[in-house]
Amino acid sequence: MSGSNGETINVTLKVWRQADADAPGGFEVHRQAISTDASFLEMLDLLNEELNAAGREPIAFESDCREGICGTCGVMINGRAHGPQKATATCQLHMREFRDGDEIVIEPFRAAGFPVIRDLAVDRSPLDAIVEAGGYISVNTGAASDANLTPVPKVASDHAFDAAACIGCGACIAACPNSAAQLFTSAKIGHLGLLPQGQAERWSRTEAMVETMEDFFGSCTNHGECTEACPKEISLDFIALMNRDYMKAKVRNRALTAQR
Amino acid sequence: MSTLDSKVPEGAMADKWENHKFSMKLVNPNNKRRFDIIVVGTGLAGASAAATLGELGYRVKAFTFHDSPRRAHSIAAQGGINAAKNYTNDGDSVHRLFYDTVKGGDYRSREANVHRLAEVSVNIIDQATAQGVPFARDYGGLLDNRSFGGAQVSRTFYARGQTGQQLLIGAYSALMRQVAAGTVELHTRAELLDVVKKDGRACGIVTRDLLSGEVTPHSAHAVVLATGGYSNVYFLSTNAMMCNVTAAWRAHKQGAFFANPCYTQIHPTCIPASDDFQSKLTLMSESLRNDGRIWVPNAADDARSASDIPEGDRDYYLERKYPAFGNLVPRDVASRNAKIVCDEGHGIGPLQNGVYLDFGAAIARSGLDTISEKYGNLFDMYHRITGENPYEQPMRIYPAIHYTMGGLWVDYHLMTTVPGLYSIGEANFSDHGANRLGASALMQGLADGYFVLPYTIGDDLAGQLGNAAVPTDDPVFTTAVAGIEDESHRWLSVNGTRSVDHFHRELGRIVWDRIGMARNRSGLESAVSEISGLRSEFHNDVRVLGSADTLNQSLEKAGRVADFFELAELMARDALQREESCGGHFREEHQTPEGEAQRDDENFAHVAAWEWNGTDTPQTRHREELTFETVALTQRSYK
Numbered sequence: 001m002s003g004s005n006g007e008t009i010n011v012t013l014k015v016w017r018q019a020d021a022d023a024p025g026g027f028e029v030h031r032q033a034i035s036t037d038a039s040f041l042e043m044l045d046l047l048n049e050e051l052n053a054a055g056r057e058p059i060a061f062e063s064d065c066r067e068g069i070c071g072t073c074g075v076m077i078n079g080r081a082h083g084p085q086k087a088t089a090t091c092q093l094h095m096r097e098f099r100d101g102d103e104i105v106i107e108p109f110r111a112a113g114f115p116v117i118r119d120l121a122v123d124r125s126p127l128d129a130i131v132e133a134g135g136y137i138s139v140n141t142g143a144a145s146d147a148n149l150t151p152v153p154k155v156a157s158d159h160a161f162d163a164a165a166c167i168g169c170g171a172c173i174a175a176c177p178n179s180a181a182q183l184f185t186s187a188k189i190g191h192l193g194l195l196p197q198g199q200a201e202r203w204s205r206t207e208a209m210v211e212t213m214e215d216f217f218g219s220c221t222n223h224g225e226c227t228e229a230c231p232k233e234i235s236l237d238f239i240a241l242m243n244r245d246y247m248k249a250k251v252r253n254r255a256l257t258a259q260r
Numbered sequence: 001m002s003t004l005d006s007k008v009p010e011g012a013m014a015d016k017w018e019n020h021k022f023s024m025k026l027v028n029p030n031n032k033r034r035f036d037i038i039v040v041g042t043g044l045a046g047a048s049a050a051a052t053l054g055e056l057g058y059r060v061k062a063f064t065f066h067d068s069p070r071r072a073h074s075i076a077a078q079g080g081i082n083a084a085k086n087y088t089n090d091g092d093s094v095h096r097l098f099y100d101t102v103k104g105g106d107y108r109s110r111e112a113n114v115h116r117l118a119e120v121s122v123n124i125i126d127q128a129t130a131q132g133v134p135f136a137r138d139y140g141g142l143l144d145n146r147s148f149g150g151a152q153v154s155r156t157f158y159a160r161g162q163t164g165q166q167l168l169i170g171a172y173s174a175l176m177r178q179v180a181a182g183t184v185e186l187h188t189r190a191e192l193l194d195v196v197k198k199d200g201r202a203c204g205i206v207t208r209d210l211l212s213g214e215v216t217p218h219s220a221h222a223v224v225l226a227t228g229g230y231s232n233v234y235f236l237s238t239n240a241m242m243c244n245v246t247a248a249w250r251a252h253k254q255g256a257f258f259a260n261p262c263y264t265q266i267h268p269t270c271i272p273a274s275d276d277f278q279s280k281l282t283l284m285s286e287s288l289r290n291d292g293r294i295w296v297p298n299a300a301d302d303a304r305s306a307s308d309i310p311e312g313d314r315d316y317y318l319e320r321k322y323p324a325f326g327n328l329v330p331r332d333v334a335s336r337n338a339k340i341v342c343d344e345g346h347g348i349g350p351l352q353n354g355v356y357l358d359f360g361a362a363i364a365r366s367g368l369d370t371i372s373e374k375y376g377n378l379f380d381m382y383h384r385i386t387g388e389n390p391y392e393q394p395m396r397i398y399p400a401i402h403y404t405m406g407g408l409w410v411d412y413h414l415m416t417t418v419p420g421l422y423s424i425g426e427a428n429f430s431d432h433g434a435n436r437l438g439a440s441a442l443m444q445g446l447a448d449g450y451f452v453l454p455y456t457i458g459d460d461l462a463g464q465l466g467n468a469a470v471p472t473d474d475p476v477f478t479t480a481v482a483g484i485e486d487e488s489h490r491w492l493s494v495n496g497t498r499s500v501d502h503f504h505r506e507l508g509r510i511v512w513d514r515i516g517m518a519r520n521r522s523g524l525e526s527a528v529s530e531i532s533g534l535r536s537e538f539h540n541d542v543r544v545l546g547s548a549d550t551l552n553q554s555l556e557k558a559g560r561v562a563d564f565f566e567l568a569e570l571m572a573r574d575a576l577q578r579e580e581s582c583g584g585h586f587r588e589e590h591q592t593p594e595g596e597a598q599r600d601d602e603n604f605a606h607v608a609a610w611e612w613n614g615t616d617t618p619q620t621r622h623r624e625e626l627t628f629e630t631v632a633l634t635q636r637s638y639k
């Protein structure tokens, strides 16, 4: 069986510990023997078992589905959001990506908009604020017409899906040297803006979401680190689309206001 | 023992819901804003309910213990959502979806609820599409469908392998729209730890802030629990790490009956466990069975790799035993057959704990691109987890616990036995009987949240007009808050030797071995005593470090695992008393000569609903008799 060889490797972990948002943090060093079949987070589970047995508080880190879809997990691994494997959330990273003797530095997502809660856990609530600003199509329950009344070209639907695949983990922001949230926000805007259903609110949505984003996060200077870190490989094209729509929105919304 | 009244309306099956909607009392638009409603959980059921109730004008407080409503485990559902749209013109109808669901549930669900579910299924697709859910489409731009286990029509709508994610983003966006509108007050990282009653009626909840540890009372005219299922009682399951039974269980301890806890679903297509440190199991969507062929080597202990085993040495056991449904038999049948072949020594993989799911024929027939378009993300996920490439070698799969049909007993209005307390989605027991069909969980969660509860809750609230919500300084709240604060401190002061996870894993082993895919009397009897022994060890020897006033994940888990212990004992008791096999509940003593589940309709065509009597007194078993006026009871056959 290729891949399932269950080899054991020894790694040195430098893990960030921090009691709360205001406390100073620092690295703690642990040596860990681990099977290459284990996931990265299972390695942290094992380490926590050992810490608990030794009477030391376990490392706080967040994860939930462990299938790469809920977006709860996410740490910096050797300086990279979600670690070395492309298109892979932290929970889907397996130890077969590492070699015997490796040193692994584990830190929380680093971004001005994501204060540390404790150890590796950070507060990503600004992402909800961006969605609250307009990341929806206004349709009350019961008000929808038959789903097949409006055909949606497959290509538009597929393109919208590529944006909708965003899991809201925040890796794009953690990876960005400016802590910018353009990839996340543009994925939300792109998903709805590419569909016929999303047209009525396209311009007001774009304006509101972009401006809320700017309240929390830095500016985009086109480094492209975001898309490299994205576990769903969301394309930079959506940022371009958002920027274009934002420019149009400023003009268009002004024009609409003038008509009133 | 008493008999429960399900309050199913009179009239012909197809007219019940329509007529009932007219006969229920309404709350007029201006009065809706006088009512506070608490919704706990923001998965498909909770988010859709909170959003819809907010749109109607109620004052809603929504609670999630995640950092964002969008994290709920509904997000992980892969395959799809059923709806009786009949867009494929292949003979589907509301009646057929209803019939398939009742039959698939092995005739242990409530007919009227299932019919209503089938009726509103069509509205869900319309609603989700209008919200921007990017369902799969054909080249004409219309919605595409696929078939799914347990059905002979194509009625499943899907969004690549991420249908749950897309539907949840739809419901979450509807919820956030109401948060922006001010009709919903959203509380994140707040875990329900108690349900509060006054004069027998639910009047609120107590939550703990998972960051500050603060324990807070919240008051309302009605409380809705949409807190999911209890698969994690098995420790290893396909559920997310944080899924738990605590909200439902604490409601149970406040008087809500818990129904059919032994009905648990084993999903046939999961990645087999690889080692002792395994933290959870990963599901591979059942939709894979549309194109994948399941087989094991003819010979036991055949160590050759799959590609070295010629056609003639392979046993496509589902196609052989069930020619009509083949690889698309319902989940319980597929799972049990995998267990049988593995128990007989035909299991494959390093631990001989799996069967092959082979796409070789499908790739040869439809081409690599078509298969990749349909299942690409699932294949990639499998590759990442196992290190094996499913385009080149067959997947290894094995059943794992995935969904729980049991849950809080609710009547036709989705109200529990505690007035004013509702339960929706997987947290209740109502629609799937003893076995849930694929692509029906998303359907039920959204049906309850968008189209059922928003109607039924008004009937009860109309009678509460003029009653103020109970103030949170009322003794019922202060006592409950003190109780929860004490509980936290109790865990921190045990100072034992082993972690919460250690006990959880041990509990899971017992539950999987004794109350898993096959059960028998002696195993269940041992389970009761083993669980109770381990439970007292847990309470005396668990080690929870740290403090109660910060993020403390061990402390959170301690309370959840304590509730799992009590639930596990009830599951064993429920499985013992149900002297028949049905759906996911397979008692080895009750099988047909061919090894299929043998129901006993004369004695067990009822729901078992258990009443809490205190920690050390076994629960009392009550019944709701199931009457089948539309669907004839037959032995399920998929041959």
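Protein chains in written order, with my numbering: chain E, 1 to 260; chain L, 1 to 639. Cβ coordinates follow ideal geometry from the N, Cα and C atoms, glycine included.
message = Checking the sheet assignment: what are the DSSP bridge partners for E:S39?
response = E:H94
inquiry  = Can you tell me whether E:P126 is buried or exposed? The criterion is at least 16 other CB atoms within 10 Å of its CB, across all chains shown.
reply    = buried
inquiry  = Quick check on L:N113: does DSSP put it in helix, strand or coil?
reply    = helix
request  = State yes or no: is the beta carbon of E:A60 nearer than 7 Å to at least one beta carbon in chain L?
outcome  = yes
ask   = Does any residue of chain E bring its CB to less than 7 Å from the CB of L:E55?
value = yes
query = CA-CA distance, E:P58 and L:Y403?
reply = 30 Å
query = Quick one: Cα of E:L241 to Cα of E:F161, how far?
reply = 15 Å
query = Does the pairing of the segment 455-472 of chain L with the segment 27-35 of chain L give three or more beta-carbon distances under 8 Å?
reply = yes
ask   = Near L:R201, what residues of its chain come up, given a Cβ to Cβ distance below 6 Å and the 5 sequence neighbours on each side ignored?
value = P419 and G420
request  = Using the Cα positions of L:A171 and E:R66, report the straight-line distance between them to the nearest angstrom.
outcome  = 22 Å
task = Note down, in chain order, each residue of its chain lying with its Cβ closer than 6 Å to the Cβ of L:G407, except the 5 sequence neighbours on either side.
result = A427, N428 and F429
key: Cβ-based neighbour list, L:M242, same chain, cut-off 6 Å, excluding 5 preceding and 5 following   = none
task = Kindly indicate which three-state DSSP category E:E103 falls into: helix, strand or coil?
result = strand
request  = Could you confirm whether any beta carbon from chain E is found closer than 7 Å to the beta carbon of L:I706?
outcome  = Nothing about residue 706 of chain L can be reported from this structure: the residues present for chain L run from 1 to 639 only.
task = Identify which residue in E:E214, E:G218 and E:V210 has its Cα closest to the Cα of E:F238.
result = E:V210
message = So, with DSSP's three-state summary, where would you put E:Q197?
response = helix
query = Closest to L:A181 by CA distance: which of L:A609, L:V60, L:M405 and L:L534 is it?
reply = L:V60
Nonlocal neighbours in the same chain, by C-beta distance under 8 Å from L:T550, ignoring five residues either side = L211, S212 and G213
Alpha-carbon spacing of E:G6 relative to L:L442, whole angstroms = 37 Å
message = Could you tell me the alpha carbon to alpha carbon distance between L:L461 and L:A222, rounded to whole angstroms?
response = 8 Å
query = Nearest chain E C-beta to L:S279 closer than 7 Å, yes or no?
reply = yes
ask   = Is the shortest distance between the beta-carbon of L:R70 and the beta-carbons of chain E less than 7 Å?
value = yes
query = Given L:I484, which residues of its chain have a CB within under 8 Å of its CB, disregarding the five upstream and five downstream residues?
reply = L193, D194, V206, R208 and V215
inquiry  = Using a Cβ-Cβ distance cut-off of 7 Å, determine whether E:G3 contacts chain L.
reply    = Caution is warranted here: a pLDDT of 41 is assigned to E:G3, below 50, making its placement in the model unreliable, and the coordinate value is therefore given only provisionally. True, the Cβ-Cβ gap to chain L drops below 7 Å.
inquiry  = Does any residue of chain L have a CB that is nearer than 7 Å to the CB of E:P24?
reply    = no
request  = Within the same chain, show all residues whose beta-carbon is closer than 7 Å to that of L:N306, passing over the 5 residues directly before and after it, in chain order.
outcome  = With the sequence shown as reference, residue 306 of chain L is identified as Ala, and Asn is not the correct amino acid for it. If we look at L:A306 and ignore the five residues flanking it on each side, its Cβ neighbours are Y356, Q393 and P394.
query = What residues from chain E crowd round L:T127, counting only those whose CB sits closer than 8 Å?
reply = Checking the sequence shown, residue 127 of chain L turns out to be Gln, not Thr. V139, T141, G142 and A144, listed in chain order.
query = If you check the beta carbons only, do L:R250 and L:C582 fall under 7 Å apart?
reply = no
key: Contacts of E:L147 in chain L (Cβ-Cβ under 7 Å)   = Reading the sequence as shown, one finds Ala at residue 147 of chain E and not Leu. I125, D126, T129 and L143, listed in chain order.
key: Chain-ordered chain L contacts of E:G113 [CB-CB under 8 Å]   = Within 8 Å Cβ-Cβ: nothing; E:G113 doesn't reach chain L, min ~14 Å.
inquiry  = Tell me the rounded alpha-carbon separation between L:F474 and E:A249.
reply    = The sequence shown places Asp at residue 474 of chain L, not Phe. Approximately 51 Å between the Cα atoms of the pair.
query = So L:Y412 packs on L:N113, CB below 8 Å; how close in whole Å?
reply = 7 Å
key: Span separating the alpha-carbon of E:V75 from that of E:P151   = 41 Å
ask   = Since L:K61 is in the beta strand (DSSP E), which residue starts that stretch and which ends it?
value = R59 to F63
query = Using 7 Å as the limit for Cβ to Cβ distance, is E:N10 near chain L?
reply = no
ask   = Taking any Cβ of chain L, which residues in the segment 216-239 of chain E have a Cβ under 7 Å from it, in chain order?
value = none
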